[in-house]
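Below is one structure, written out as structure tokens; the observations come after it.
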Amino acid sequence: MKTDKVVKLIRYLAGIPKSIYVNFRVLPFGQAIYLPIMVSRKTKLQSLSGKVILAKVKTGIIRIGFGGTDMLDYRYDRPIIKITGTLHFQGKAKIGIGAKLLVNGELILGNNCNITGDALIICSKKISIGDDVMIAWQSIIMDTDQHQIYQNDTYINKDKEITIGNNVWIGAKSLILKGSIIKDGCIVGANTTITKAFEAKNSILAGNPAKVIKAEVQWKH
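This note's numbering puts the sequence shown at residues 2 to 222.
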């Protein structure tokens, strides 16, 4: 067996105690016994007081804190999970080294969702992410400004939902803010800021602020 496979196996085995705790903490007994959620021992569990809903139950279908990019160090980059709202997994999901999910609202992750290392999702209201979506390293998705702003005693910066379609690739260091809509098949260029709804499908969105720079494109995983 190659060294990298041995290391990977050791990391999965080391995560079994924490994985057992997470599964029996957030899932019904009949689902938890299959250990559908595998969690790295490095994962910081800030809160598990919310709900986790699985569309499919299979051992290891959800993996948190394993894999990512070569730029991240497993020894130092730890994932953070906080679930005080509701987290839906629609199928298989990979959440890489150093990724952070802070769920106070409703977060929906589609089948085959791949969140690579050191990405951040902050969900206070609702974020819906479709199937076959890849979110690259150091990207940030947040449906809230985190702090309230008032004008003449009126609350003016309320949280707004985010919707990301199927087969979307979000490039590294992208910033997806409240009210954003990204349609099926789109590619978000690296270091792009999105703050609004885009109606175009199969397009490249890039820039700060983002705009459509190319249409009728396809990409492969």
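Ideal Cβ positions, reconstructed from N, Cα and C, are used throughout, including at glycine.
What does a CB cutoff of less than 6 Å around Ser181 pick up in its chain, not counting 5 residues either side in sequence?
Ile163, Ile195.
In the DSSP output, what is Arg64 paired with across the bridge?
Note: Arg64 sits in a beta bridge opposite Met39, Lys95.
Specify the secondary structure class of Leu176 as computed by DSSP and reduced to three states.
In the structure shown, Leu176 sits in a strand (DSSP, three-state: E or B).
Please confirm whether Asp78 and Ile98 have their CB atoms less than 8 Å apart.
Yes, they are a contact pair.
Leaving out five residues on either side along the sequence, give the residues of the same chain with a beta carbon under 7 Å from the beta carbon of Asn105.
These residues qualify, in order along the chain: Thr85, Gly86, Cys124, Ser125.
Three-state secondary structure (DSSP) at Gln47?
Strand at Gln47.
What is the residue span of the alpha helix (DSSP H) that Ser20 lies within?
Ser20 -> alpha helix (DSSP H) spans 17 to 27.
From which residue to which residue does the beta strand (DSSP E) around Phe90 run?
Counting along the chain, the beta strand (DSSP E) containing Phe90 begins and ends at 87 to 90.
Cutting at 8 Å between CB atoms, please list the residues of its own chain near Arg26, excluding the five before and the five after it.
Result list for Arg26: Leu49, in chain order.
Cβ of Ile128 within 8 Å of Cβ of Cys114?
Not closer than 8 Å, so no.
Hey, out of Ala198, Ile214, Lys197, whose CA is closest to Ile205's CA?
Ranking Ala198, Ile214, Lys197 by Cα distance to Ile205 puts Ile214 first.
What whole-angstrom Cβ distance do Asp160 and Thr145 have, given they're in contact under 8 Å?
Contact flag correct, Cβ pair sits at about 4 Å.
From this set, Lys45, Leu178, Leu103, which residue's C-alpha is nearest Gly51's C-alpha?
Ranking the options by Cα distance to Gly51, first place goes to Leu103.
So, are the CB atoms of Ile62 and Lys19 less than 8 Å apart?
For Ile62 and Lys19, no; Cβs fall outside 8 Å.
Cα-Cα, which of Pro37, Tyr35, Thr44, Ile34 is closest to Arg12?
Ranking the options by Cα distance to Arg12, first place goes to Thr44.
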